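In my numbering, the protein residues as written are 3 to 432. Working notes for the structure below.
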C-alpha cells in the first residue's frame, strides 16, 4: 500500500526542481494572460479578480471538502479534473453569485450591472449632479465592482481558513459528518464570518467612494477608521489584514503550528485567544512596515510621484506597501514547507530553534524577493508592468507586486492541493 510522500530526488534537489518548475509555469501563464506585452494583456484587471477567486475556490475544494468527490482518483487525472472544476466554479461564483445574485441587491458588487446602468444612461450614470462614465467604469483604473470582489477575496483569504487553522475546524469538527456535508457546513460557517468582516472593514470604503462619485451614498456607511489611520482608504485594511494572513498561514507551514500549540485551552477558547493574538501581531507588524519603509525610500521622490488623490501625503501608499511586503513572504514559507520539507540544520524540525531558523530565513528571503522585484526591476522586464519602466519611486508606488506573488503561488498550491505533489514526490511502498 502507498505510504508517506517522499521527495523524488531527495532534498534540497526536489525543492529546487519543483520551485523552478512552478516559477516557469507561473511566468509563462502570466505572459499569456496578464503581461501587457502578451496576447491577452489583462493586467491588472480583470486578471487579479480571477486569480484571487481561484485561490479561494481552491481552498474550498481542498481544505473544506477534502477534494471530494475526486479524492480516490489517480494522479495526474485527479489534479486535472480539480483544476478544470476550479475554473468553472470561479467563473460561476464571479459571474453568477456576485454579478447576478448578490448583484440583485448590491450594484457595487456587479461589474455587469454597473456597465448596464451606464449604457442605459447613454454612456454614463448621473446622480446628485455628478456622473460616472462607462469609459471610467471599464477602464483599467476603474472596474470598481471587480475591485470590490477582490476585497471580498482578501477578507476570505483569512476568514475561511482561520477556522481550520486556529479553531481546529470547530464547531464542524469533531463530528462524524461525511463529505460533502462537513465541507459545505464549514463553507457556510466561514461565509458568515467573511460577510461580517467584509461589512465592517470593506463596505464603508465603497460608501466613501460612491459618495465622492455622486455626492451621496446613504445606503453605505463611511469609513470609521480615518481617526485611527489618518486615511479613509481601504488600503489601511490591506496593510494589516495581509500580515494577518501571512501569520495565519505561517502557522501550519514553517511554524508547524507553533506558537499556538503552546496554548493549553480547549476549543473554541484556544482559537479565540489565537485569533486575538493574530490580529494584534498582524497590526503591529504592519505598523512597523509603515514606520521603517521610509528608511530605504526617498520619500521626497515618493511624494512627487503620488497620485493626485493622495494630495502629497504618502500614508495610503505606505499602508498598501506594508501589504506588499507581506506578499513577498508567500513563496518562501510555502515552498520551504511543502517542497523543502521544513529542512533546517538541526535534527528536531519541531524545536523552537528550528522555528527561529525558518522564521528568520523567511524574512531574509522576503527581503531578497523584494529587492529583486523592485530594485532588480523584475516587475518591468519580467512581468511587463509599464509603471516600472521609470525610477525606483514610481516602481514602488505602482509595482503591484501582490498580484505577481499571489499568481506565483498558484502552481505550487495546485500541485500540493490537487496533484498531491505529483510528479515531484513519490509514495513509500509498504
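The beta-carbon is built from N, C-alpha and C at its ideal position, and this holds for glycine as well. Just so we're clear, the structure is a prediction, and the values are computed from it rather than from any experiment.
Grouping DSSP H, G and I as helix and E and B as strand, with all else coil, what is residue 423? coil
Extent of the continuous beta strand (DSSP E) to which residue 265 belongs: Premise fails: residue 265 is in no beta strand (DSSP E) and is neither H nor E.
Measuring straight from C-alpha to C-alpha, what distance separates residue 26 and residue 336? 17 Å
From the DSSP output, which residues share a beta bridge with residue 9? 427
Buried or exposed by the 16-neighbour rule on C-beta atoms within 10 Å, applied to residue 264: exposed
Three or more C-beta pairs closer than 8 Å, one from the region 195-210 and one from the region 278-289: is that the case here? no
Opening and closing residue of the beta strand (DSSP E) in which residue 129 lies: 126-129
Nonlocal neighbours in the same chain, by C-beta distance under 6 Å from residue 166, ignoring five residues either side: 65
Mind reading off the beta-carbon distance from residue 329 to residue 407? Whole number of angstroms is fine, and I expect it under 8 Å. 4 Å
Can you confirm whether the region 357-377 touches the region 17-35 when touching is taken to mean that 3 or more C-beta pairs between the two stretches lie within less than 8 Å? no
Entirely enclosed alpha helix (DSSP H) segments - the region 25-91, minimum 4 residues: 49-61
Taking the beta strand (DSSP E) that residue 132 falls in, what are its first and last residues? 132-135
Below 9 Å between beta carbons: does that hold for residue 412 and residue 56? yes
Thinking C-alpha only, which one of 235, 396, 244 is nearest residue 434? Nothing about residue 434 can be read from this structure; the chain reaches only from 3 to 432.
What residue from 6, 293, 298, 249 has the CA that sits closest to residue 276's CA? 249
State the DSSP-derived secondary structure class of residue 379, mapped to helix, strand or coil. coil
Stretch-stretch touch, CB-based, cutoff 8 Å, three pairs: the region 139-148 with the region 222-238: no
Leaving aside the five residues before and after residue 95 along the sequence, list all residues of the same chain whose C-beta is less than 7 Å from its C-beta, in chain order. 55, 59
Assigned exposure category for residue 354 - 16 Cβ within 10 Å defines buried: exposed
Following the continuous alpha helix (DSSP H) through residue 194, name the residue where it begins and the one where it ends. 183-203
Residue environment, residue 36, which counts as buried when at least 16 other CB atoms sit within 10 Å: buried
Distance CB(residue 241)-CB(residue 292) smaller than 9 Å: yes
Using the Cβ count rule (16 or more neighbours within 10 Å means buried), how would you classify residue 39? exposed
Whose CA, out of 280, 245, 243, 320, lies closest to the CA of residue 297? 320
Return yes when the Cβ of residue 309 is within less than 9 Å of the Cβ of residue 233, no when it is not. no
Return the residue from the list 44, 18, 61, 163 that minimises the CA-CA distance to residue 420. 61
CA-to-CA distance, residue 348 to residue 114, given in whole angstroms: 55 Å
Leaving out the 5 sequence neighbours to the left and right, which residues in its chain are closer than 8 Å to residue 182 when beta-carbon positions are compared? 67, 70, 71
Look up residue 293 in the DSSP assignment and say whether it is helix, strand or coil. helix
Near residue 270, what residues of its chain come up, given a Cβ to Cβ distance below 7 Å and the 5 sequence neighbours on each side ignored? 169, 172
Reference residue 315; option with closest CA among 366, 357, 235: 235
Can you list, in chain order, the residues of its chain whose CB lies under 8 Å from that of residue 112, leaving out five sequence neighbours each side? 100, 101, 102, 104, 105, 147
Relative to the C-alpha of residue 385, which candidate in 410, 368, 342, 211 has its C-alpha closest? 410
With 16 as the cutoff for other CB atoms within 10 Å, does residue 377 come out buried or exposed? exposed
Distance CB(residue 423)-CB(residue 340) smaller than 9 Å: yes
Which residues in the same chain have their Cβ closer than 7 Å to the Cβ of residue 388, if we skip the five residues on either side of it in sequence? 38
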